[in-house]
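*Asks:* Everything in the sequence shown is counted per the numbering used here, starting at 2 for the first residue and increasing by one.
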Amino acid sequence: MKRKTMGWLIVFLLFIVYMLNYMDRSALSITAPLIEKELGFNAAEMGMIFSAFFIGYALFNFIDGWASDKVGPKTVFLIAALLWSVFCGLTGLVTGLWTMLIVRVLFGMAEGPVSAAGNKIINNWISRKESATAIGIFSAGSPLG
2 MKRKTMGWLI VFLLFIVYML NYMDRSALSI TAPLIEKELG FNAAEMGMIF SAFFIGYALF
62 NFIDGWASDK VGPKTVFLIA ALLWSVFCGL TGLVTGLWTM LIVRVLFGMA EGPVSAAGNK
122 IINNWISRKE SATAIGIFSA GSPLG
């Protein structure tokens with residue numbers, strides 16, 4: 002397969018992964034009423050739970066750019082995808098507020114690297130002339146998820 006064709010295949014796969022990433026992230030908001038009832042959370046606690054994700058996410062947005070440069074974006078992206086999948090699954094096993102908060106922070110930390118690592122992968126595979134188009138396609142995965 003030609004490098005250019007492989008690059009666009011990678012962009013398409015990154016788009017799919019980014020879409021799945023956002024589906025995972027938004028699943029809690031869809032299931033929130035059921036979780037509130039099941040675990041007895043009130044509105045303030047649900048607010049803390051939603052915020053916990055973004056604390057982890059924000060912290061690792063900074064760290065992941067550095068990690069992508071040091072160990073490579075493919076490694077960072079793969080580890081992040083594996084970890085966010087684990088933490089998504091662990092969400093179903095929480096028993097109370099503290100376990101939910103911990104899992105959500107870790108989930109956010111695992112999802113933090115996706116954007117910068119994905120952009121670096123694109124920059125490694127797509128020419129400068131076509132990089133904005135490729136990044137636009139990749140980024141479209143988030144609102145579609």
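For each residue, glycine too, the CB sits at the ideal point set by N, CA and C. Values in this document were obtained by computation on a predicted structure and should not be read as measured data.
(1) Since Val-18 and Ile-138 are thought to touch, with beta carbons under 8 angstroms apart, how far apart are those beta carbons, to the nearest angstrom?
(2) Take Val-95 as the anchor and find which of Leu-40, Arg-4, Phe-16 and Leu-10 has the nearest alpha-carbon.
(3) Out of Thr-32, Gly-109, Arg-4 and Lys-3, point me to the one whose CA is closest to Tyr-58's CA.
(4) Would you give the residue range spanned by the alpha helix (DSSP H) that Gly-119 belongs to?
(5) Between which two residues does the alpha helix (DSSP H) harbouring Ala-28 extend?
(6) If I'm right that Ile-56 touches Met-101 with Cβ under 8 angstroms, what's the distance once you round it to whole angstroms?
(7) Can you list, in chain order, the residues of its chain whose CB lies under 6 angstroms from that of Leu-15, leaving out five sequence neighbours each side?
(8) Pick helix, strand or coil for Val-95, following the three-state DSSP scheme.
(9) How close, in whole Å, do the beta carbons of Pro-74 and Lys-5 come, if the pair is a contact with beta carbons under 8 angstroms?
(10) Work out the CA separation of Ile-31 and Gly-90 for me, nearest whole Å.
(11) Excluding the 5 residues flanking Ala-53 on each side, which residues of the same chain have their C-beta closer than 6 angstroms to its C-beta?
*Replies:* According to the data block:
(1) The C-beta distance from Val-18 to Ile-138 rounds to 12 angstroms, too long to meet the 8 angstroms contact threshold.
(2) Distances from the alpha-carbon of Val-95 to those of Leu-40, Arg-4, Phe-16 and Leu-10 put Leu-40 closest.
(3) Taking only the C-alpha atoms, the option nearest Tyr-58 is Gly-109.
(4) Boundaries of the alpha helix (DSSP H) around Gly-119: 115 to 126.
(5) 4 to 40 is the extent of the alpha helix (DSSP H) around Ala-28.
(6) Cβ atoms of Ile-56 and Met-101 stay farther apart than 8 angstroms, at about 13 angstroms.
(7) Cβ neighbours of Leu-15 within its own chain (closer than 6 angstroms, five residues either side excluded): Gly-119 and Phe-139.
(8) If DSSP states are grouped into helix, strand and coil, Val-95 belongs with coil.
(9) The Cβ separation is near 19 angstroms, so there is no contact.
(10) Approximately 16 angstroms, taken between the alpha carbons.
(11) Within the same chain, and ignoring the five residues on either side of Ala-53 in sequence, the residues whose Cβ sits closer than 6 angstroms to its Cβ are Leu-102, Arg-105 and Val-106.
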